[in-house]
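Here is the structure we will look at, set down as structure tokens.
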Amino acid sequence: MPTFNIIKTAEPKKTFRVSSVMGKFDLESNQIKEHFEGNIDIKDNWQIGLIVGKSGSGKTTIAKQLFPESYITNFEYSAETILDDMPKECSVEDITKAFNSVGFSSPPSWLKQYSVLSNGEKMRVDLARAILSEDNLFVFDEFTSVVDRNVAQIGSFAMQKAIRKTSKQFIAVTCHYDVEDWLLPDWVFDTDSMTFRNCEGQKKNRPEIKFEIFQTFDKSIWKVFAKHHYLSHTHNNAANVYLAFVNNELAGFISILHLPHPIAKTIKKVHRLVILPDYQGLGIGIKFLNEIGKYYIKNGWRYTIVTSAPSLIFGLKRHKNWKCKHFGRMTATSGILHGSNNKNTNSKHRLTTSWEMV
Numbered sequence: 249m250p251t252f253n254i255i256k257t258a259e260p261k262k263t264f265r266v267s268s269v270m271g272k273f274d275l276e277s278n279q280i281k282e283h284f285e286g287n288i289d290i291k292d293n294w295q296i297g298l299i300v301g302k303s304g305s306g307k308t309t310i311a312k313q314l315f316p317e318s319y320i321t322n323f324e325y326s327a328e329t330i331l332d333d334m335p336k337e338c339s340v341e342d343i344t345k346a347f348n349s350v351g352f353s354s355p356p357s358w359l360k361q362y363s364v365l366s367n368g369e370k371m372r373v374d375l376a377r378a379i380l381s382e383d384n385l386f387v388f389d390e391f392t393s394v395v396d397r398n399v400a401q402i403g404s405f406a407m408q409k410a411i412r413k414t415s416k417q418f419i420a421v422t423c424h425y426d427v428e429d430w431l432l433p434d435w436v437f438d439t440d441s442m443t444f445r446n447c448e449g450q451k452k453n454r455p456e457i458k459f460e461i462f463q464t465f466d467k468s469i470w471k472v473f474a475k476h477h478y479l480s481h482t483h484n485n486a487a488n489v490y491l492a493f494v495n496n497e498l499a500g501f502i503s504i505l506h507l508p509h510p511i512a513k514t515i516k517k518v519h520r521l522v523i524l525p526d527y528q529g530l531g532i533g534i535k536f537l538n539e540i541g542k543y544y545i546k547n548g549w550r551y552t553i554v555t556s557a558p559s560l561i562f563g564l565k566r567h568k569n570w571k572c573k574h575f576g577r578m579t580a581t582s583g584i585l586h587g588s589n590n591k592n593t594n595s596k597h598r599l600t601t602s603w604e605m606v
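Under this note's numbering, think of the first position of the sequence shown as 249, with each following residue one higher.
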């Protein structure tokens, strides 16, 4: 797509209002002309591109002209759940894998209608749907325009990770320059200066984020996170609660319980772990889990977690300091590490994994 030369003209009829404005502002003609000319020297082996510039600089015009079949402003969503809005040929496993890959990892939200999702969640659902489509190239206009800048940056990083795990090509069209450092594009076209920049071969590092952990004794904070937990909205008030902040914004919740056991007396287990949707996809959940684990192990405790969340299982499998102790369906007698009485747990007869930090 080396060169483009686009001329757009409009010549409205000379109505009373048009003639009034022409006379008042001394306009010689009612013909409006816009001219966009530039060079986008895209190589073959790229995956992520960025078209960026101020409003009115021609971003949308250029994107539509160069990529007419791949240009996307929005998808149509009409089903009662976003699961059923995904392509019909995709399996549930394909869909949930795509959701997790873009950092949309809250199963309760998968059962919602698209219209009730937050703008940050909608952005990730749109990307998941594009990944699941048969098209190899897709171009998103107004990228991150409806979310706050902190969410936009974190969402951009989660998205680029998801794209690079596929063979897809993605072009973001936006007026926000701040996403470039997080989207880590292979090329950038700036419509303000009509200049092209090839970023391939450059070292790509995500900007540093400020990550902090605080203990809290206010158990009511669970209400903020409850609806995003994949398993249960309940919380045991005996648990110790810790909060994670990203760039001074509340992002995560973890609570730890002592595990009663007839033999082992030094086991702590993760009771609830939730990362808010806008901060999923950065690896914050595993980092949060590990930092709390280090604290307990340093103080002489064993540290365990039971989960059936696919994204968390995948993350734990990648870390050498986590050992899988059980994989399968929990019964009243399985899993000595988790106590001798599992009769009333929500894990009974559900496929779960059990892990210990070593």
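No residue lacks a Cβ here, since even glycine has one placed at the ideal position from N, Cα and C.
Neighbour-count burial assignment, residue i, 16 or more Cβ in a 10 Å radius
i: Ser-349; result: buried
i: Thr-344; result: buried
i: Asp-396; result: exposed
i: Arg-265; result: exposed
i: Gly-583; result: The predicted position of Gly-583 is uncertain, since its pLDDT is 47 and thus under 50; a value taken from the coordinates is nonetheless stated next. Buried is the call here.
i: Ile-310; result: buried
i: Gly-351; result: buried
i: Phe-418; result: buried
i: Thr-581; result: Per-residue confidence for Thr-581 stands at a pLDDT of 48, beneath the threshold of 50, marking its modelled position as unreliable; the derived number appears in the next sentence. Exposed, by the Cβ-count rule.
i: Ser-602; result: buried
i: Glu-369; result: buried
i: Gly-306; result: buried
i: Ile-511; result: exposed
i: Thr-263; result: exposed
i: Thr-555; result: buried
i: Pro-525; result: buried
i: Ala-255; result: For the record, residue 255 in the displayed sequence is Ile; it is not Ala. Exposed, because fewer than 16 other Cβ atoms sit within 10 Å of the Cβ of Ile-255.
i: Gly-403; result: buried
i: His-481; result: exposed
Residue i to residue j span [Cα, whole Å]
i: Phe-562; j: Ala-376; result: 18 Å
i: Val-269; j: Lys-261; result: 13 Å
i: Val-373; j: Asn-367; result: 10 Å
i: Gly-301; j: Ser-353; result: 32 Å
i: Glu-285; j: Ile-532; result: 43 Å
i: Lys-467; j: Met-407; result: 33 Å
i: Glu-341; j: Thr-600; result: 16 Å
i: Trp-570; j: Val-606; result: 6 Å
i: Phe-493; j: Glu-604; result: 25 Å
i: Phe-437; j: Ile-299; result: 5 Å
i: Ile-553; j: Leu-560; result: 10 Å
i: His-506; j: Lys-517; result: 6 Å
i: Phe-405; j: Cys-572; result: 29 Å
i: Lys-535; j: Thr-308; result: 39 Å
i: Lys-312; j: Tyr-551; result: 53 Å
i: Arg-454; j: Pro-433; result: 11 Å
i: His-283; j: Tyr-490; result: 56 Å
i: Phe-391; j: Glu-456; result: 22 Å
i: Lys-568; j: Ile-545; result: 16 Å
i: His-215; j: Cys-447; result: Since the first residue of the chain shown is 249 and the last is 606, residue 215 is not available in this structure.
i: Ser-267; j: Lys-281; result: 18 Å
i: Met-316; j: Glu-497; result: Rather than Met, the amino acid found at residue 316 in this sequence is Pro. C-alpha separation (whole angstroms): 39 Å.
i: Lys-565; j: Leu-365; result: 30 Å
i: Phe-323; j: Cys-338; result: 17 Å
i: Phe-273; j: Asn-293; result: 50 Å
i: Ser-277; j: Leu-530; result: 53 Å
Residue nearest to residue i in terms of C-alpha spacing, selected from the options
i: Asp-440; options: Glu-456, Cys-423 and Asp-396; result: Cys-423
i: Asp-275; options: Glu-259, Gly-286, Ile-290 and Glu-285; result: According to the sequence provided, residue 275 is Leu. The question's Asp does not apply to it. Cα-wise, what sits closest to Leu-275 is Glu-259.
i: Trp-430; options: Met-442, Phe-444, Ala-410 and Thr-443; result: Ala-410
i: Val-427; options: Met-442, Leu-491 and Ser-393; result: Ser-393
i: Val-399; options: Asn-485, Trp-549, Gly-576 and Gln-528; result: Gln-528
i: Gly-297; options: Gly-548, Ile-288 and Ser-303; result: Ile-288
i: Ala-487; options: Thr-464, Glu-497, His-509 and Asn-495; result: Thr-464
i: Leu-380; options: Leu-331, Glu-390 and Val-421; result: Leu-331
i: Gln-279; options: Thr-257, Gly-306 and Arg-550; result: Thr-257
i: Phe-459; options: Asn-495, Gln-401, Ala-557 and Ser-318; result: Asn-495
i: Glu-328; options: Lys-336, Pro-335, Arg-445 and Gln-361; result: Gln-361
i: Ile-290; options: Leu-314, Met-371, Cys-338 and Ile-320; result: Leu-314
i: Asn-334; options: Glu-382, Asn-484 and Gln-401; result: According to the sequence shown, residue 334 is Met rather than Asn. It is Glu-382 whose Cα lies nearest to the Cα of Met-334.
i: Thr-251; options: Lys-568, Thr-263, Gly-271 and Phe-444; result: Phe-444
i: Pro-558; options: Phe-347, Val-421 and Tyr-425; result: Phe-347
i: Gln-401; options: Tyr-425, Arg-566 and Val-421; result: Tyr-425
i: Ser-326; options: Gly-304, Ser-363, Trp-549 and Ser-267; result: Ser-363
i: Gln-295; options: Ile-461, Trp-435, His-481 and Asn-484; result: Trp-435
i: Asn-253; options: Met-442, His-481 and Gly-548; result: Met-442
Margin query: For the stretch 379-390 against the stretch 351-362, do three or more pairs of beta-carbon atoms, one drawn from each stretch, fall closer than 8 Å, so that the two count as touching?
Written below: Taking a cut-off of 8 Å on C-beta distances, the stretch 379-390 does not touch the stretch 351-362, as fewer than three cross pairs fall below it.
Next item on the list: Tell me, please, whether the stretch 495-508 touches the stretch 464-476 by the rule of three or more beta-carbon pairs shorter than 8 Å.
Entry: Cβ pair count under 8 Å is three or more, so yes.
Notebook entry, point to check: Any contact of the stretch 411-418 with the stretch 534-543, i.e. 3+ C-beta pairs under 8 Å?
Noted result: Not touching, per the Cβ criterion.
Notebook entry, point to check: Just checking, does the stretch 476-496 make contact with the stretch 514-527 on the three C-beta pairs under 8 Å criterion?
Noted result: Touching, yes, given that three or more Cβ pairs across the two stretches are closer than 8 Å.
Next item on the list: Could you name each continuous beta strand (DSSP E) segment of 3 residues or more that falls completely within the stretch 344-414, going from the start of the chain to the end?
Entry: Taking only runs of at least 3 residues, the beta strand (DSSP E) segments lying wholly in the stretch 344-414 are 385-388.
Item checked: Segments assigned alpha helix (DSSP H), at least 4 residues, entirely inside the stretch 417-456 -> Entirely contained in the stretch 417-456, the alpha helix (DSSP H) runs reaching 4 residues are, in chain order, 428-431.
Item checked: Runs of beta strand (DSSP E) lying entirely within the stretch 269-313, each at least 3 residues, in chain order -> Those beta strand (DSSP E) runs which fall completely within the stretch 269-313 and span 3+ residues are 280-287 and 296-300.
Checklist line | Residue ranges of each beta strand (DSSP E) within the stretch 524-565, 3 or longer | finding: Within the stretch 524-565, the runs of beta strand (DSSP E) at least 3 residues long that lie entirely inside it are, in chain order, 550-555.
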